Amino acid sequence: MELQMEQMNEIKRALQREQRQLMLRKFFRNKLAVIGSSIVLTLVLVAIFADVIAPQDPLDMVVRDRLTPPGSKYLFGADTFGRDVLSRVIHGARVSMLVGTCVGLSSMVFGMLIGLYACYYSFLDNVLMRICDGLSAIPSTLLAIALMAVLGSTATNVIVAMSIVYVPRMARVSRAAAMVVKEQTYIEAMRATGASDSRIIWRHIAPNILSPVIVQASYNFANSIITEAALSFLGVGIPVPQPSWGNILNEGKSVITTGWWLIVFPGAATALAVLGLNILGDGLRDMLDPHTN
């Protein structure tokens with residue numbers, strides 16, 4: 001008996017290894033997904049090692065160099081206070097990656113929690129989903145601005161506000177995926193054997209909805225970068241003088257005719273980050289979808 005169990009476990013491990021290898025092959029065959037992951041990995045490394053990579057302190061001001069155009073001294077030019085724009089863009093990557101990661105993870109955790117319990121308990125479904133519908137009916141940026149007006153402009157509050165904005169989307173995705181799993185025969189069998197609700201939800205439903213949840217989390221990551229930049233651009237996001245791409249854009253709007261580099265470089269960094277994350281999300285979707293070749 002023990003020998004048979006050991007053989008079955010070995011077969012199960014072999015199948016899991018083969019499945020992982022198949023998913024990785026599907027991912028690396030997708031050239032755009034590889035490009036997207038390379039962009040995201042580069043931005044993460046830049047964010048981690050910003051203090052080493054940045055040529056100057058992003059807060060150092062040299063008044064005589066204010067609005068110096070891009071050149072040998074300042075590759076991305078200098079801002080209205082004589083600060084190195086390249087250093088500020090590099091350190092802005094740290095802010096964007098931190099905000100995006102926190103929002104992506106928090107929306108995934110709380111969205112899954114809401115979606116799973118709304119799916120499993122019908123008496124919670126109407127209440128939780130109506131709240132999500134109400135939040136989803138408000139445009140994302142407008143809701144984030146309203147929340148920031150209440151919470152105040154700090155980096156932590158930016159993360160909290162945007163998590164509230166993106167949790168309903170994740171809850172919807174989680175609930176839809178969980179509804180499919182819930183109707184499977186083996187879930188009914190688990191109920192018949194007396195398995196507890198918590199065991200069914202977390203041991204048998206939750207692991208089987210991770211694929212769409214992970215993909216949605218990557219899209220939330222990308223959207224949160226745009227929303228953070230928009231909030232900072234409007235002056236209600238990351239507080240100055242902390243460098244963020246939105247803050248640099250906010251500063252550049254008043255000198256757009258004489259300091260175009262304050263718009264072009266942080267704007268390009270934001271676009272590159274969002275493009276990389278969206279391509280990566282598409283690659284993850286193709287890798288985790290069993291119906292794709």
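Under our numbering, the letters of the sequence shown match residues 1 to 293, in that order.
Cβ atoms here follow ideal geometry from the backbone N, Cα and C, with glycine treated the same way.
Just so we're clear, the structure is a prediction, and the values are computed from it rather than from any experiment.
- The Cβ neighbour count for residue 95, taken over all protein chains shown within 10 Å, is at least 16; the residue is labelled buried.
- Under DSSP, residue 78 shares a beta bridge with 84.
- With contacts defined as CB atoms closer than 8 angstroms, residue 217 and residue 43 fail to qualify as a contacting pair.
- Exclusion of the five residues before and after residue 141 leaves 227 and 230 as the residues of its chain whose Cβ lies within less than 7 angstroms of its Cβ.
- 8 angstroms or more divides the Cβ of residue 232 from the Cβ of residue 252.
- Per the C-alpha coordinates, the member of 65, 30 and 69 positioned closest to residue 264 is 69.
- When the Cα atoms are used, residue 63 and residue 254 turn out to be separated by approximately 18 angstroms.
- DSSP places residue 47 within a helical segment (H, G or I) once states are collapsed to three.
- Three or more Cβ pairs drawn from the stretch 50 to 62 and the stretch 90 to 105 lie within less than 8 angstroms of each other, which places the two stretches in contact.
- Nearest in C-alpha terms to residue 283, of all of 203, 29, 137 and 163, is 29.
- Between residue 45 and residue 52, the alpha-carbon positions lie close to 11 angstroms from each other.
- The stretch 134 to 152 makes contact with the stretch 162 to 174; the number of CB pairs closer than 8 angstroms reaches 3 or more.
- If you draw a straight line from the Cα of residue 280 to the Cα of residue 79, it is about 33 angstroms long.
- By the CB criterion at 8 angstroms, residue 161 and residue 238 fall outside the cutoff.
- Here residue 277 is not near residue 205, since their CB atoms are 8 angstroms or more apart.
- Taking C-alpha positions only, residue 202 is separated from residue 256 by approximately 53 angstroms.
- Residue 111 is positioned such that its CB atom lies closer than 8 angstroms to that of residue 171.
- By the C-beta density criterion, residue 127 is exposed, having fewer than 16 other C-beta atoms within 10 angstroms.
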